[in-house]
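J.: Taken in sequence, the protein lines are chains U and Z. Residue numbering for the first sequence follows our numbering, beginning at 1 and increasing consecutively. Residue numbering for the second sequence follows our numbering, beginning at 1001 and increasing consecutively. Questions regarding the structure given below will be posed in turn.
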Amino acid sequence: MRLKAQGLAARRGEDLLFSNISFDLGAGDALVLTGRNGSGKSTLLRAVAGLLHLDAGRVTWSGSGEAGRPGEACHYLGHRNAMKAELTVAENLSFWKTFFRDSAGGAGASVAEAADMVGLGGIAHLPFGYLSAGQQRRMAFAKLLVAYRPIWILDEPTAALDIRAEQTFTDLIKRHLRSGGLLLAATHQPLGLDNAQELQMTGFSDLPESLL
Amino acid sequence: MMALLLRDLKLSVRAGGGALIGVLFFMTVVAVIPFGVGPDLNLLSRIGPAIVWIGALLSALLGLDRLFQTEREDGSLDLILMQEHPLVLTVLVKCLAHWLANCLPLVIASPLLGLFMNMSEVAIGAVALTLLVGSPALTFIGAVGAAVAVALPRGGLLVSILVLPLAVPVLIFGVSASYAAVEDPAPFMPPFLILSAITLFFAVIGPLGAALALRNAGD
């Protein structure tokens, strides 16, 4: 399993937000993006997931299944939780479980197990809209567990979380990496991973850093 | 795909889904006409099929802008775009769910409103049948508009304006088939078959166009 990016560049409006970013991740590798607000972390993650057009460069993925778009092998947890406030947590999760279906090479947890793993096993029957911001974030994370994907792309996963939940997330991420998964994450808080590569994003690449 | 259909149906029935809003609007529009036109029963029964069709057309456009916008607002659209399933199929299923939740109730309500307009049994049946066949086309055309306007915060009216010109052929053949069922010299089948053809045509073109627009909406 290998996720390769070569010479990525993307624009926001007229300006080049980043250029010539390359990385190469194998099974169990993690890449953590750091940098100030607006430095292009989210843009890079969305580009890798195939949600944004790249200005230059390419992302390639070779997995255990047949080759497809890299996005198909990814779980993407963005700023928004992608859960419906009107439906119960269990309905949300079981919908995503059947809609995602497992990628080749693994199997997802059941809905009840996933809710247990993020520490909210008892409240899966509540409408998603009733939960607090932190609980919603944890349930959105449970979405990553119900179907197997080798690559996890997490954008600020620990926003709105208390310390214990952060620890739960870190444990789940470590477990994913140990089982041969890949991780790309943008974060301000350190995730506490041991062997993560770090990529420092500086933002608009044609401006000197001091101007930002 | 079945899961998506069920989820969308559930969402449209639950609070804020707005499946009933369309029917209520339809009833309001048609119920107001007799007050405006006056109690001339012959006139009402003559313009009845056209009024019911126009009411249904406007009500069908009412909830269309939310088709993809709600998905985009909570981030679900990103995940839907990333999946292996062909996007065209996903859009088609969402259109079906939208039709079942928003347009089918209009078809079911139309006989009652036909009574308001003093229409004969044959005319009521013809309007219901043409609505049943023609309204999917409205959803499929509307899906393209909804996909184009998905990133606009107040896209609602824009979608209706974009979609309305394309929906005019559906209206023309729907109404002419309904009239043909009542008025003797005109044959019923030709306009009805053209209406069916329009629906089938847009069932193919609509999801394709909407999928293309969604793919390129990237932000």
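The C-beta atom is built at its ideal place from N, Cα and C for all residues, glycine as well.
If we ignore side chains and look at the alpha-carbon of each, how far apart do residue 1161(Z) and residue 1146(Z) end up?
T.: The residue labelled residue 1161(Z) in the question sits at position 161 within the second sequence. The residue labelled residue 1146(Z) in the question sits at position 146 within the second sequence. Going from the Cα of residue 1161(Z) to the Cα of residue 1146(Z) covers about 11 Å.
J.: Could you tell me whether the Cβ of residue 164(U) comes closer than 7 Å to any Cβ of chain Z?
T.: As a first step, residue 164(U) must be located in the first sequence, where it is residue number 164. So, not an interface residue.
J.: Can you tell me which residues form a DSSP beta bridge with residue 61(U)?
T.: Numbered from its first residue, the first sequence carries residue 61(U) at position 61. Residue 61(U) is bridged to 3(U).
J.: Taking a Cβ distance cut-off of 9 Å, strictly less, list which residues of the segment 1074-1089 of chain Z are near chain U, in chain order.
T.: 1074, 1075, 1076, 1077, 1078, 1079, 1080, 1081, 1082, 1083, 1084 and 1085
J.: Along the beta strand (DSSP E) that carries residue 32(U), what are the first and last residues, could you check?
T.: Here residue 32(U) is taken as the residue at index 32 of the first sequence, counted from 1. Unbroken beta strand (DSSP E) run through residue 32(U): 30-34.
J.: What residue does the beta strand (DSSP E) around residue 19(U) start on, and which one ends it?
T.: Within the first sequence, numbered from 1, the residue matching residue 19(U) stands at position 19. First-last of the beta strand (DSSP E) with residue 19(U): 15-26.
J.: Let me confirm a value: residue 200(U) is counted as buried when at least 16 other C-beta atoms fall within 10 Å, else exposed. Which label applies?
T.: Taking the first residue of the first sequence as position 1, residue 200(U) is located at position 200. By the 10 Å Cβ count, residue 200(U) comes out exposed.
J.: Could you check whether the Cβ of residue 1212(Z) sits closer than 7 Å to any Cβ belonging to chain U?
T.: Within the second sequence, residue 1212(Z) is the residue found at index 212, counting from 1. Cβ-Cβ to chain U under 7 Å: no for residue 1212(Z).
J.: Pairing CB atoms from the segment 1067-1079 of chain Z with CB atoms from the segment 77-87 of chain U, are three or more of them under 8 Å?
T.: Look at the beta carbons and you see the segment 1067-1079 of chain Z touching the segment 77-87 of chain U: at least three pairs across the two are nearer than 8 Å.
J.: Any idea which residues DSSP pairs residue 197(U) with across the strands?
T.: Here the question's residue 197(U) lines up with position 197 in the first sequence. In DSSP, residue 197(U) forms a bridge with 31(U).
J.: Who are the Cβ neighbours of residue 181(U) in its own chain at under 6 Å, not counting the five residues just before and after it?
T.: Taking the first sequence and counting its residues from 1, one reaches residue 181(U) at position 181. Closer than 6 Å at the Cβ level, and outside the excluded window around residue 181(U), lie 150.
J.: Apart from the five residues on each side of it in sequence, which residues of its chain come closer than 8 Å, Cβ to Cβ, to residue 41(U)?
T.: Residue mapping note: residue 41(U) aligns to position 41 of the first sequence, counting from 1. The answer, listed in chain order, is 33, 34, 35, 155, 186 and 201.
J.: Flag this pair as yes or no: are the beta carbons of residue 157(U) and residue 77(U) separated by less than 7 Å?
T.: Your numbering for residue 157(U) matches position 157 in the first sequence. Your numbering for residue 77(U) matches position 77 in the first sequence. Contact flag set, yes.
J.: Between the segment 1168-1186 of chain Z and the segment 1047-1060 of chain Z, do at least 3 Cβ pairs fall closer than 8 Å?
T.: yes
J.: Can you list the residues of chain U that residue 1004(Z) reaches, using a CB-CB cut of under 9 Å?
T.: By one-based count along the second sequence, residue 1004(Z) stands at place 4. Residues of chain U passing the Cβ test: 95, 98 and 99.
J.: Going by other Cβ atoms of all chains shown within 10 Å of its Cβ, with 16 needed for buried, is residue 99(U) buried or exposed?
T.: Start at 1 with the first residue of the first sequence, and residue 99(U) comes out as number 99. With 16 or more Cβ atoms within 10 Å of its Cβ, residue 99(U) is classed as buried.
J.: What residues of chain U sit near residue 1164(Z), judged by a beta carbon separation below 8 Å?
T.: What you label residue 1164(Z) is simply residue 164 of the second sequence in a count that begins at 1. Result: empty, since nearest Cβ-Cβ is about 30 Å, beyond 8 Å.
J.: Could you tell me which residues DSSP pairs with residue 79(U) in its beta bridges?
T.: Locating residue 79(U) in the first sequence gives position 79, counting from the first residue. Paired residues: none, contrary to the question.
J.: Return yes when at least one heavy atom of the ligand ATP lies under 6 Å from the C-beta of residue 1124(Z), else no.
T.: This structure lacks the ligand ATP; in fact it carries no ligand of any kind.
J.: Using CA atoms only, rank isn't needed, just tell me which of 113(U), 1(U) and 173(U) is closest to residue 192(U).
T.: Reading the first sequence from its first residue, position 192 is the one you call residue 192(U). Answer by Cα proximity: 173(U).
J.: Cβ of residue 1011(Z) less than 7 Å from any chain U Cβ?
T.: The count along the second sequence starts at 1 and reaches residue 1011(Z) at position 11. Answer yes: the Cβ-Cβ gap between residue 1011(Z) and chain U drops below 7 Å somewhere.
J.: So, with DSSP's three-state summary, where would you put residue 1193(Z)?
T.: Looking up residue 1193(Z) in the second sequence gives position 193. Residue 1193(Z) falls in the helix class under three-state DSSP.
J.: Is it right to say residue 171(U) is buried, meaning 16 or more other beta carbons lie within 10 angstroms of its own, or is it exposed?
T.: Taking the first sequence and counting its residues from 1, the one referred to as residue 171(U) is at position 171. Exposed, since its Cβ has fewer than 16 Cβ neighbours within 10 Å.
J.: Would you say residue 49(U) faces chain Z, with C-beta separation under 7 Å as the test?
T.: Counting from 1 along the first sequence, the entry for residue 49(U) is found at position 49. Taking Cβ atoms only, chain Z reaches closer than 7 Å to residue 49(U), which makes this a yes.
J.: Quick one: complete alpha helix (DSSP H) runs, 4+ long, within the segment 1075-1134 of chain Z?
T.: Taken in chain order, the unbroken stretches of alpha helix (DSSP H) that lie wholly in the segment 1075-1134 of chain Z and span 4 residues or more are 1076-1082, 1087-1098 and 1104-1116.
J.: Mind pulling the chain U residues with CB within less than 8 Å of residue 1014(Z)?
T.: Walking along the second sequence from the start, residue 1014(Z) turns up at place 14. 86 and 87, listed in chain order.
J.: Since residue 186(U) is in the beta strand (DSSP E), which residue starts that stretch and which ends it?
T.: Position 186 of the first sequence holds residue 186(U). 182-186 is the span of the beta strand (DSSP E), which, as asked, contains residue 186(U).
J.: Given a cut-off of 7 Å on the beta-carbon distance, is the pair residue 52(U) and residue 46(U) in contact?
T.: The residue labelled residue 52(U) in the question sits at position 52 within the first sequence. The residue labelled residue 46(U) in the question sits at position 46 within the first sequence. Against a cut-off of 7 Å, the Cβ pair of residue 46(U) and residue 52(U) comes out as a contact.
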